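Worksheet: the structure to be examined is printed underneath.
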Amino acid sequence: MGKRKLDYSDDEQETYTQHYITETNDNTITNNKKYKSTSNTNTNTNNNNNKTSKNKKKKKKNNKNQNKNIKSEFKIYSSAEHSEYLDKISLQWQKEYSRHICYRNRLMVLDDLKRRVFNSKNKLFKDYIFSLGIFGSSVYGMATVNSDIDFYLDIEGVPSKPKKFMYKLSDSLSYLGYKVYNTIWQARIPIIKFYDPYNQFHCDLAVTSNLISLANADLIQSYDRIDSRFKPLVVFIKMWAEKRQMLDGSLFISSFSWINLIIHYFQSVSIFPSLYLKSDSQLYLDKEPRILNGINCIYNDQNLDQYALEQQNQQNFAQLLLGFFQYYLKFDFYHNAISTRHLQVVKKPKDEKTDFKQLYIHCFFDYSHNLTKGLNHKKLQIILNEMKKTETALLNCKPLNTLI
């Protein structure tokens, strides 16, 4: 069948033509809108790309500037420059450290405490024979200006109710004008922490019959006689630890434990000998026994001056300080323990009580006692992090006042 020819009248043709033009115009407008929209999108994308590119360039420039600052901050020092810096720090601390030692008469505070509190008039002590004494850094001359005074109360016959006794003693101190701020009765050695307003000292009163601390004080004094570099390093480490709130035997490490770490390090670099006497040695058998808490607290205190004369290690204070931090940053705390009896690292005792102890320091006289048994993993990591920071500062020749 052939195609039917479409015949339009003039009016119909005009109507069709107008409709076609309108439709075409609408499509053109729509297409133009689409084009404009696409064009705008492309333009925005290009603008965003340009902005991103500019930001990247700006960031790159800032990074370069930061790298320049880092390079300028951490200068690489030659060995000669670093050696000169360590010499300078050593001389500076040698002049300054004595200013940080407390020279006030602490025995006078002891006498005052006896007169005010521990006397025959105090009904708390009427049933006990007791003695009050002083121990710690106040005895061996290494107390800093901010150091507490450590007292011990030795009571014959342990009170049947230690908690009640501790709080009565605490109340007695408060009544007589002392400011008690902590009573720790459940610890291995019960302690009362208080402030003495009459003499302006912070004090720790340990209620204990453990008198090995007296032998420890004598031992430290003997080591001090051997080498003059010992005391300046002890004073620095105590101040360094105190500034970082790490000089606390109940939470971190006590002053005595820090001193043991220094003694062990000095032994590792051949400055200190071992003063331990084996029970079968002739010198041990010849010495008069000193029995404290069932332990013979004697040691080799002979020829101490001779050790100093035979000294081969010539490192200065700053070299020893840097070496101290580096030694313990590399120390295997998991497997090894610190012992000042031996001139070498010893293995940590392995049993269920010591497996989880992060740091094990043997007491010189009471060898089975760990001086840092309360230190947990988190606290040890804090100590090691602070050691690392100070080691970095020493390697980068930072001023002395930024190290403490």
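Here the sequence shown is numbered in UniProt numbering, starting from 1 and rising by one per residue.
No residue lacks a Cβ here, since even glycine has one placed at the ideal position from N, Cα and C.
Bear in mind that the values here come from a model prediction, so they are computed numbers and not experimental data.
By the neighbour-count criterion, in which a residue is buried when 16 or more other Cβ atoms sit within 10 angstroms of its Cβ, residue 399 is exposed.
Pairing residue 364 with residue 340 gives a Cβ-Cβ distance under 8 Å. Taken through DSSP and simplified to helix, strand or coil, residue 195 comes out as strand.
Around residue 117, the same chain offers 172, 173 and 176 as residues with beta carbons nearer than 7 Å, after the five sequence neighbours per side are excluded. Proximity of the segment 275 to 289 to the segment 299 to 306 meets the contact definition, three or more beta-carbon pairs being nearer than 8 Å. Closest option to residue 275, judged by alpha-carbon separation, among 315, 114 and 225: 225. At the C-beta level, residue 235 and residue 387 stay beyond 8 Å of one another. Residue burial annotation: residue 264 is buried, with at least 16 other C-beta atoms found within 10 angstroms of its C-beta. Residue state for residue 287 is assigned as coil, using DSSP reduced to three classes.
Fully contained in the UniProt domain "PAP-associated" (316 to 354) are the following alpha helix (DSSP H) runs of length 4 or more, in chain order: 317 to 329. Contact between the segment 161 to 171 and the segment 236 to 246 is not established, with fewer than three Cβ pairs separated by less than 8 Å. Under the three-state reduction of DSSP, residue 310 is assigned to coil, being neither helix nor strand. DSSP places residue 207 in the strand class (E or B) of the three-state scheme. When secondary structure is reduced to three states using DSSP, residue 153 falls in the strand class. Exclusion of the five residues before and after residue 217 leaves 135, 136, 139 and 140 as the residues of its chain whose Cβ lies within less than 8 Å of its Cβ.
Considered as a whole, the segment 109 to 143 harbours 129 to 135 as its complete beta strand (DSSP E) runs of no fewer than 3 residues, in chain order. Contact between residue 231 and residue 144 does not hold, since their C-beta atoms are separated by about 11 Å, which reaches or exceeds 8 Å. The residue from 76, 89 and 215 with its alpha-carbon nearest to that of residue 402 is 89. Residue pairing by DSSP puts residue 201 in a beta bridge opposite 196. Its chain contains 177, 178 and 179 as the residues whose beta carbon lies nearer than 8 Å to that of residue 197, once the 5 sequence neighbours on both sides are disregarded; these appear in chain order. Of 261, 215 and 192, the smallest CA-CA separation from residue 204 is found for 192. Scanning its chain for C-beta atoms nearer than 7 Å, with the 5 sequence neighbours on each side dropped, one finds around residue 348 the residues 335, 336, 337, 354 and 360, in chain order.
About 4 Å separates the beta carbons of residue 215 and residue 297, which is inside the 8 Å limit, making them a contact pair.
In this structure, residue 317 sits away from residue 395, with a CB-CB distance that is not shorter than 8 Å. Nearest C-alpha to residue 131 among 211, 186 and 199: 211. Per the C-alpha coordinates, the member of 249, 105, 287 and 358 positioned closest to residue 187 is 249. Short of 6 Å from the beta carbon of residue 168, and not among the five residues preceding or following it, lie these beta carbons of its own chain, in chain order: 124. Within the model, the alpha-carbon separation for residue 291 versus residue 366 is close to 12 Å. Listed in chain order, the non-local C-beta contacts of residue 345 below 7 Å within the same chain comprise 336, local neighbours out to five positions each way being set aside. When the beta-carbon positions are compared, residue 377 and residue 358 come within less than 8 Å of each other.
Less than 8 Å separates the beta-carbon of residue 371 from that of residue 256. Per DSSP, the continuous alpha helix (DSSP H) segment holding residue 378 begins and ends at 377 to 395. Its chain contains 212, 365 and 366 as the residues whose beta carbon lies nearer than 8 Å to that of residue 295, once the 5 sequence neighbours on both sides are disregarded; these appear in chain order. Of the residues assessed, residue 149 falls on the buried side of the cut-off, its CB having 16 or more other CB atoms within 10 angstroms.
For the 8 Å CB-CB criterion, residue 156 and residue 128 form a contact.
For residue 260, there is no enclosing beta strand (DSSP E); the residue is part of the alpha helix (DSSP H) that begins and ends at 255 to 268.
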